[in-house]
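Oh and the sequence shown: position 373 is 373 in UniProt numbering, straight run, nothing missing. Note that the Cβ used here is the ideal one computed from N, Cα and C, for glycine as well.
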Amino acid sequence: MVDETASLFARQAPFRRFPLQPLTSRRATALKGAVTAPGDKSISHRALMLGGLAIGETAIHGLLEGEDVLNTGKAMQAYGASVRRDDDGVWHVNGVGVGGLAEPAEVLDMGNSGTGARLLMGLAAGHPITSFFTGDASLRRRPMARVTRPLAEMGARFVTREGGRLPLAVTGSSTPMPIDYVLPVASAQVKSAILLAALTAPGETTVVEPQPTRDHSERMLRHFGATVRVEDRADGSRAVTLVGQPELIAATVRVPGDPSSAAFPAVAALLVPGSEVTIRNVGANPLRFGLFETLLEMGADIALENRREEAGEPVVDLVVRGGKPLRGVTVPAARAPSMIDEYPILAMAAACAEGDTVMEGLAELRVKESDRLGAVARGLAACGAIVEEGPETLIVHGQAKPPVGGATIASGLDHRIAMAFAVLGMVSEQPIHIDDAEPIATSFPGFVAMMNGLGAQIALAAA
Ligand SMILES: O=C(O)C1=C[C@@H](OP(=O)(O)O)[C@@H](O)[C@H](O)C1
Ligand SMILES: C=C(OP(=O)(O)O)C(=O)O
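Following this line, the structure appears as structure tokens:
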């Protein structure tokens with residue numbers, strides 16, 4: 001048992017993005033079948049972190065075994081928690097108690113994962129230990145000052161590269177201070193980092209978010225026994241208050257399927273005529289569901305069945321039928337936090353729809369695993385679609401038929417760019433090539449097998 005966990009973690013080698021793994025996606029006939037969405041990435045990270053802090057043994061069912069999450073598991077081990085996977089796929093975490101993290105002996109390599117890096121920086125900031133964080137070429141480009149600034153206010157000290165980028169070192173405070181903080185950007189990662197640091201601070205810490213973002217941290221903190229108050233204010237903002245220094249008690253977590261991953265088979269099924277695909281166990285948290293709301297507005301045939309609740313999160317099965325014409329819509333900026341990772345795949349649907357799809361408020365897309373706004377606009381144009389890219393907007397002029405395709409897309413260490421264009425290749429006249437499919441394993445290791453099982457024609461080539 002222990003050996004298997006060790007070998008899973010050992011495979012998360014840091015800078016090993018060579019050789020590239022090219023992928024070709026060809027036009028498919030109808031996609032058919034029923035699949036289960038892989039575990040939610042956001043919830044999986046948080047389950048390992050809170051399990052690692054709680055007293056007792058936490059059992060996690062359905063943990064996403066993607067690279068990002070495995071790197072978090074490995075880091076929690078370095079902080080002194082025991083993390084192991086049973087033969088039946090259930091993960092067991094024995095925590096160290098709030099305030100009990102040990103100083104990691106090595107640099108923590110968070111790979112491609114913004115969530116892993118930023119949330120763990122929060123945990124580290126609340127403990128009187130020094131941690132060193134790095135990541136792959138993508139993560140080392142991403143802004144960290146948004147997290148280091150509030151954590152420094154709480155008493156942590158950072159040494160960072162220019163612009164607050166990784167690699168960085170953080171020394172946490174032995175007497176962390178509670179703060180009241182208004183988020184300058186709508187970011188669940190920044191909110192969560194502050195809440196995790198606040199676990200060791202006395203008194204109450206409040207984070208005000210101008211627009212509500214995914215609330216998995218709040219839900220899971222409560223699930224482990226912390227007191228979290230949420231106040232929705234008249235101006236649309238939300239104040240989240242954590243009562244510091246709780247005792248977190250181990251809990252059982254059943255991780256729902258990731259709506260951000262389910263988005264790929266769902267849009268593929270919508271676009272390929274004659275398709276009928278059921279995607280089971282999809283998380284339906286309203287703060288994650290903006291893509292499906294948008295697709296329904298576009299005229300998509302998606303039925304939500306079997307609504308239920310798992311570990312404090314709403315879950316549904318999706319039944320998606322393809323071939324119905326989609327219409328372009330305007331997606332308001334206010335919806336962005338609830339579908340922030342889904343714009344690349346929405347843009348693929350928009351390129352096949354009739355009329356213009358206008359997407360606003362996309363500034364954050366520029367600082368994800370890649371500049372997703374630029375990558376989507378360039379890639380769609382290379383495939384023959386008509387697009388307009390603004391500083392924080394994307395307009396796709398849909399032609400009521402798929403773009404011709406035939407391009408090679410640079411995935412740029414970005415899993416969602418790779419998967420989005422692989423889906424477009426299922427309907428474009430000419431195949432679409434992706435230069436490197438390897439980043440897909442960060443969030444959806446079974447993507448190619450699942451899609452081909454439904455009838456897609458995706459081939460992984462030797463480099
Ligand atoms: O908190 C999380 O789990 C996440 C928050 C979002 O990032 P931001 O907080 O940067 O918006 C999202 O893009 C990311 O994939 C996961
Ligand atoms: C932005 C993403 O993740 P992260 O920020 O954790 O790298 C994502 O999964 O699309």
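Inter-residue Cα distance where the pair is Glu293 and Ala284: Taking the sequence shown and counting its residues from 1, one reaches residue 293 at position 293. Taking the sequence shown and counting its residues from 1, one reaches residue 284 at position 284. Rounded to the nearest angstrom, the gap between the Cα atoms of Glu293 and Ala284 is 11 Å.
Gly446 versus Ala234: straight-line alpha-carbon distance, rounded: Mapped onto the sequence shown, residue 446 falls at position 446. Mapped onto the sequence shown, residue 234 falls at position 234. Those two C-alpha atoms are separated by around 43 Å.
DSSP beta-bridge partners of Gln430: Locating residue 430 in the sequence shown gives position 430, counting from the first residue. For Gln430, which the question treats as bridged, DSSP gives the partners Gly405.
Residue range of the unbroken beta strand (DSSP E) whose run includes Leu64: Taking the sequence shown and counting its residues from 1, the one referred to as residue 64 is at position 64. No beta strand (DSSP E) contains Leu64, which DSSP labels as neither H nor E.
Secondary structure of Phe15, DSSP reduced to three states: Position 15 of the sequence shown, counted from the start, is the residue given in the question as residue 15. Its pLDDT being 47, under 50, Phe15 is placed unreliably in this model, and the value from its coordinates should be taken loosely. Note: Phe15 maps to coil in three-state DSSP.
Minimum C-alpha distance to Thr401 - residue among Val427, Ala125, Asp232, Asp436: Sequence index remark: in the sequence shown, residue 401 carries index 401 (1-based). The amino acid at residue 401 is misidentified as Thr; the sequence shows Lys. Checked all of Val427, Ala125, Asp232, Asp436; the closest Cα to Lys401 is Val427.
Simplified DSSP assignment, three categories, for Gly33: Within the sequence shown, residue 33 is the residue found at index 33, counting from 1. Collapsing the DSSP output to three states places Gly33 in a strand.
Outcome for Asp232 when other beta-carbon atoms lying within 10 angstroms are tallied against a minimum of 16: Working through the sequence shown from its first residue, we reach residue 232 at position 232. Its Cβ having fewer than 16 others within 10 Å, Asp232 is exposed.
At least 3 beta-carbon pairs within less than 8 Å: the stretch 188-206 vs the stretch 266-281: The stretch 188-206, when compared against the stretch 266-281, does not touch it at the 8 Å Cβ threshold.
Sequence-distant residues of its chain with Cβ nearer than 6 Å to Val243 (five each side left out): Here the question's residue 243 lines up with position 243 in the sequence shown. Result list for Val243: Glu204, Thr227, in chain order.
Sequence-distant residues of the same chain with beta carbon closer than 6 Å to Asp215, five excluded per side: Taking the sequence shown and counting its residues from 1, the one referred to as residue 215 is at position 215. By the criterion of a C-beta distance shorter than 6 Å, Asp215 is surrounded in its chain by Leu287, once the five residues flanking it on both sides are discounted.
Residue from Leu23, Pro256, Pro19, Ala6 with nearest C-alpha to Ala407: Counting from one through the sequence shown, the residue named residue 407 turns up at place 407. Measuring from the Cα of Ala407, the nearest candidate turns out to be Leu23.
Every unbroken beta strand (DSSP E) inside the stretch 157-223 [3 residues or more]: Fully enclosed beta strand (DSSP E) runs of 3 or longer: 157-161, 165-171, 180-182, 204-209.
Opening and closing residue of the alpha helix (DSSP H) in which Ala102 lies: Residue 102 sits at position 102 when you count from the first residue of the sequence shown. Here Ala102 belongs to no alpha helix (DSSP H), and DSSP marks it neither H nor E.
DSSP state of Asp341 mapped onto helix, strand, coil: Within the sequence shown, numbered from 1, the residue matching residue 341 stands at position 341. In the three-state reduction of the DSSP assignment, Asp341 falls in the helix class, which pools H, G and I.
Local Cβ density within 10 Å of Gly290, reported as buried at 16 or more and exposed below that: To locate residue 290, count along the sequence shown from 1; it is residue 290. Counting C-beta atoms within 10 angstroms of its own C-beta, Gly290 has 16 or more neighbours from the protein chains shown and is therefore classed as buried.
Contacting residues, own chain, Cβ-Cβ under 8 Å from Ile386 (five flanking each side not counted): Numbered from its first residue, the sequence shown carries residue 386 at position 386. Listed in chain order, the non-local C-beta contacts of Ile386 below 8 Å within the same chain comprise Val396, His397, Gln399, local neighbours out to five positions each way being set aside.
Backbone secondary structure at Met1 - three-state DSSP: Indexing the sequence shown from 1 puts residue 1 at position 1. Here the model assigns Met1 a pLDDT of 42, short of 50, so the residue's position is not dependable, and the following value carries that caveat. Residue state, collapsed to three classes: coil.
Counted within 10 angstroms of its Cβ, other Cβ atoms place Asn306 as buried (16 or more) or exposed: Start at 1 with the first residue of the sequence shown, and residue 306 comes out as number 306. With fewer than 16 Cβ atoms within 10 Å of its Cβ, Asn306 is classed as exposed.
Pairwise C-alpha distance: Pro344 and Asp414: To locate residue 414, count along the sequence shown from 1; it is residue 414. To locate residue 344, count along the sequence shown from 1; it is residue 344. So the alpha carbons of these two residues sit roughly 11 Å apart.
Arg214 beta carbon near ligand 1 (any heavy atom closer than 7 Å): To locate residue 214, count along the sequence shown from 1; it is residue 214. True, at least one ligand heavy atom lies under 7 Å from that Cβ.
Chain-order list of residues whose beta-carbon lies under 6 Å from that of Val448 (same chain, five-residue window excluded): As a first step, residue 448 is located in the sequence shown; it is residue number 448 there, counting from the start. Excluding residues within five positions, the ones whose Cβ falls inside 6 Å are Ile458.
Any non-hydrogen atom of ligand 3 within 7 Å of Ser443 CB: Ligand 3 is absent from the structure shown, which contains only ligand 1 and ligand 2.
Alpha carbon of Ser187 to alpha carbon of Ala59, nearest angstrom: On the sequence shown, residue 187 is found 187 positions in, with the first residue counted as 1. On the sequence shown, residue 59 is found 59 positions in, with the first residue counted as 1. Rounded to the nearest angstrom, the two C-alpha atoms are 28 Å apart.
Any non-hydrogen atom of ligand 1 closer than 7 Å to Val148 Cβ: Indexing the sequence shown from 1 puts residue 148 at position 148. Residue 148 is actually Thr in this sequence, not Val. Relative to ligand 1, even the nearest heavy atom lies 7 Å or more away from the CB of Thr148.
Pick from Met220, Ser237, Ala198 that is closest to Val208, judged by C-alpha positions: For the purposes of this step, residue 208 is taken as the residue at position 208 of the sequence shown. Selected option, being the one with the closest Cα: Ser237.
Euclidean distance between Cα positions of Arg142 and Pro167: Stepping through the sequence shown from its first residue, residue 142 is reached at position 142. Stepping through the sequence shown from its first residue, residue 167 is reached at position 167. Distance between the alpha carbons of Arg142 and Pro167: 11 Å.
Straight-line Cα distance separating Ala461 from Gly73: Stepping through the sequence shown from its first residue, residue 73 is reached at position 73. Stepping through the sequence shown from its first residue, residue 461 is reached at position 461. Approximately 31 Å, taken between the alpha carbons.
Ser261 beta carbon near ligand 1 (any heavy atom closer than 7 Å): Mapped onto the sequence shown, residue 261 falls at position 261. No.
Nearest residue (CA-CA) to Leu196, options Ser261, Pro150, Ala418: Here the question's residue 196 lines up with position 196 in the sequence shown. The option with the nearest alpha carbon to Leu196 is Pro150.
DSSP three-state assignment for Gln21, whether helix, strand or coil: Translated into positions along the sequence shown, residue 21 becomes position 21. DSSP, read as helix, strand or coil, puts Gln21 in coil.
Inter-residue spacing [alpha-carbon to alpha-carbon] between Arg146 and Glu218: Locating residue 146 in the sequence shown gives position 146, where the first residue counts as 1. Locating residue 218 in the sequence shown gives position 218, where the first residue counts as 1. The alpha-carbon atoms of Arg146 and Glu218 are separated by roughly 20 Å.
Closest Cα partner of Ser113 within the set Gly155, Gly66, Met348, Glu429: In the sequence shown, residue 113 corresponds to position 113, counting from 1. Of the candidates Gly155, Gly66, Met348, Glu429, the one whose C-alpha sits nearest the C-alpha of Ser113 is Gly66.
Expected contact under 8 Å - CB spacing of Leu424 and Cys383 to nearest Å: As a position in the sequence shown, residue 424 is number 424, starting the count at 1. As a position in the sequence shown, residue 383 is number 383, starting the count at 1. The beta-carbon separation of Leu424 and Cys383, rounded to 7 Å, stays under the 8 Å limit for a contact.
Whole beta strand (DSSP E) elements within the stretch 305-356, 3-residue minimum: Runs of the beta strand (DSSP E) inside the stretch 305-356: 313-321.
Helix, strand or coil at residue 477 [DSSP, three-state]: The question about residue 477 has no answer here: the residues shown for the chain are numbered 1 through 463.
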